[in-house]
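Chemist:
Residue numbers (UniProt numbering): 1 to 300.
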């Protein structure tokens, strides 16, 4: 039984999703699934209950979670005894999928080049409310989120980052009613819409603007809800509908002509973006380096 397999199982139960666990561990979803399969074959019983939207541990899985957590803790303690001078600095960040896909790869590369093997980085993608809750509970050292309403600036170190502009996008081949770059409400609602699940600020922003025009999601030709940005982009670029996405996320596709961008003059499609850090962590060298890389990403 490999400790890497156990860690994958623990992370899957913690996040309730194999895909999210894979992202957090920087492995493919296929690799995560293979590790979980190997564990179930070794134990001979199902370890995960996949019957609901959030994956949970079965009875056998709960036993593995208990003993597996102890195994990982013992492994860490052993390594610290054997190599006491190589204890790594740990940094955990939760961010939204948009920030994670657009900005995080370069930040991670810069941090790993600067600190090499001295650091252990833990990144999770989640919705804003879950990220804030995790920060409040001490699960994360820092979060970067897009949001519509102001966040609490008193409890944590808080920094406003440049806001995030959203835009409606569709494939250049998608039969949209107006190719001039502007849509009216009729032109917008006559399309298949790809949107995020409730709790995502892009969906909330869309609903807010629709409400101001006396409309809602039910008036679109059809609606597909997906929490996978990559899948949404694939479907949109293949000409299957429209989506409201961060301009930063689709900038290269707009420049190449694969996607076309559309606005509605009466819609306000700007959302806030903020960085929040645990107050007792803000002066650590690793955290300061992370903040520096975030500033570079936004050219601050």
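Idealized CB from N, CA, C, for every residue including glycine.
1) Just the Cα atoms here: how many angstroms apart are residue 138 and residue 209?
2) Would you kindly report the start and end of the unbroken beta strand (DSSP E) that includes residue 147?
3) Starting from residue 113, trace the alpha helix (DSSP H) in both directions and tell me its first and last residue.
4) Taking just the CA atoms, how far does residue 5 sit from residue 39?
5) Between 113, 258, 194, 242, which has its C-alpha nearest residue 227's C-alpha?
6) Taking the alpha helix (DSSP H) that residue 262 belongs to, which residues open and close that run?
7) Which whole-angstrom value is the C-beta distance of residue 275 and residue 82, which I expect to be below 8 Å?
8) What ranges does the beta strand (DSSP E) occupy inside the stretch 232–258, keeping only unbroken runs of at least 3 residues that lie completely in it?
9) Quick one: grab the DSSP three-state call for residue 269.
10) Relative to the alpha-carbon of residue 304, which residue among 155, 37, 71, 117 has its alpha-carbon at the smallest distance?
11) Please say whether residue 168 and residue 261 have beta carbons closer to each other than 8 Å?
12) Three or more beta-carbon pairs under 8 Å between the stretch 63–81 and the stretch 157–173, yes or no?
13) State the DSSP-derived secondary structure class of residue 170, mapped to helix, strand or coil.
14) Out of 117, 80, 15, which one is the CA nearest neighbour of residue 286?
15) Return the Cβ separation of residue 171 and residue 258 in integer angstroms, given the expectation that the two are a contact with Cβ distance under 8 Å.
16) Looking at residue 107: is its Cβ nearer than 8 Å to the Cβ of residue 3?
17) Going by Cα to Cα distance, which pick from 52, 57, 53, 51 is closest to residue 45?
Modeler: Working from what's here:
1) 34 Å
2) 142–147
3) 104–115
4) 7 Å
5) 194
6) No alpha helix (DSSP H) holds residue 262; the beta strand (DSSP E) holding it covers 259–262.
7) So it is not a contact: roughly 37 Å between Cβ atoms.
8) 242–246
9) coil
10) Examination of residue 304 is not possible in this model, given that the chain is present from 1 through 300 alone.
11) Going by C-beta atoms, residue 261 is nearer than 8 Å to residue 168.
12) no
13) strand
14) 117
15) At roughly 7 Å, the Cβ-Cβ gap stays under 8 Å, so residue 171 and residue 258 are in contact.
16) no
17) A check of alpha carbon separations from residue 45 across 52, 57, 53, 51 identifies 57 as the nearest.
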